[in-house]
Amino acid sequence: MQNTHYLGGAKSMIEEKVLFRTSRGLKLAGTLLAPDENLHDVVVFAHGTGSSKSSPRNRGIAERLLDSGIASFLFDFTAHGESDGIAEQSTQDQQYDDLISALDSITTQPYFQTRFVGVNGSSTGGTVAIRAAAEDERIVAMVLRVPRNYDILGFAQMVQAPTLIVQGSEDAIVLPEAKEIFSSLQCEKELHIIHGAGHLFDEKPEYQQEMTNVSAEWFERWFKKFSEEA
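For the sequence shown, position 179 matches number 1075 in our numbering, and the numbering has no gaps at all.
Rendered as structure tokens:
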């Protein structure tokens, strides 16, 4: 069932709950945010371990993207949020299958048409997003927020989609991993370090705002470029 919400003034959006199955039969839960039912570019969000489709950071980016007419699909990985499964099942391979299944779902919805597709991956979700972008040509742009390097550099070398890495300078564990990933990328790329920010960018409101803006602007920039070239 479709619900229409209002985000300040008269600006409306569609928020739709989407249930879909992975290729392995697990039922996953997602939320589609869209300006309306017309043809739109869409960003699929891959959250980190222990998070969910309700991540305030991902939701903030999704709502910011609405300003540019870009839709978002936020979903729960296996054993997270409202999705099926137990923790032991939520391996990197399973999460890869989850993300590809999410892409399949959102690009085949009967009431929603997609044009260009991007992926926003955070922490371990960034690891999964890299593999997906390396192997799935539907992904034309990617943002990685504090991405983890779990044996992913080989896939990073294969990515062709323009990629932005957003990283906090005080995230001591992940910062070296993010730099390794950045060095491995052979595509159009940019590393944006927010000085003073940690893993969650929650030390100051302006850190999260900067993270939100640069993430959204990356998708806006590349979707516009690909649209003009189409």
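Cβ atoms here follow ideal geometry from the backbone N, Cα and C, with glycine treated the same way.
Because the structure is a prediction, the values reported are computed rather than measured.
For Ala925, there is no enclosing alpha helix (DSSP H); the enclosing beta strand (DSSP E) covers residues Lys923 to Ala930. For Met1054, there is no enclosing beta strand (DSSP E), as DSSP gives it neither H nor E. Leu1087 and Val1062 have their C-alpha atoms some 6 Å from each other.
Within its own chain, the residues whose Cβ lies closer than 6 Å to the Cβ of Glu1116, once the five positions on either side in sequence are excluded, are Ser964, listed in chain order. The beta carbon of Leu1040 sits closer than 6 Å to the beta carbons of Gly1017, Gly1022 and Ile1061 from its chain, once the five residues preceding and following it are set aside; these are given in chain order. Beta-carbon to beta-carbon, Arg1034 and Val1013 are separated by about 5 Å, close enough to satisfy the 8 Å threshold. With contact defined as three or more Cβ pairs closer than 8 Å, the segment 917 to 925 and the segment 1066 to 1075 are not in contact. Here Asn954 is not near Leu929, since their CB atoms are 8 Å or more apart. Per DSSP, the unbroken alpha helix (DSSP H) holding Gln1104 starts and ends at Pro1101 to Glu1125. Residue state for Lys1075 is assigned as helix, using DSSP reduced to three classes. The three-state reading of DSSP puts Arg1011 in strand, counting E and B together.
Spatial neighbours of Phe1078 in its own chain (CB-CB distance under 6 Å, excluding positions within 5 residues in sequence) are listed in chain order as Ile1061 and Leu1087.
Contact between Arg1044 and Ser1019 holds, since their C-beta atoms are separated by about 6 Å, short of 8 Å.
With fewer than 16 other beta carbons inside 10 angstroms of its own, Tyr1007 counts as exposed. Per the C-alpha coordinates, the member of Thr945, Ser968, Pro952 and Gly956 positioned closest to Asp932 is Ser968.
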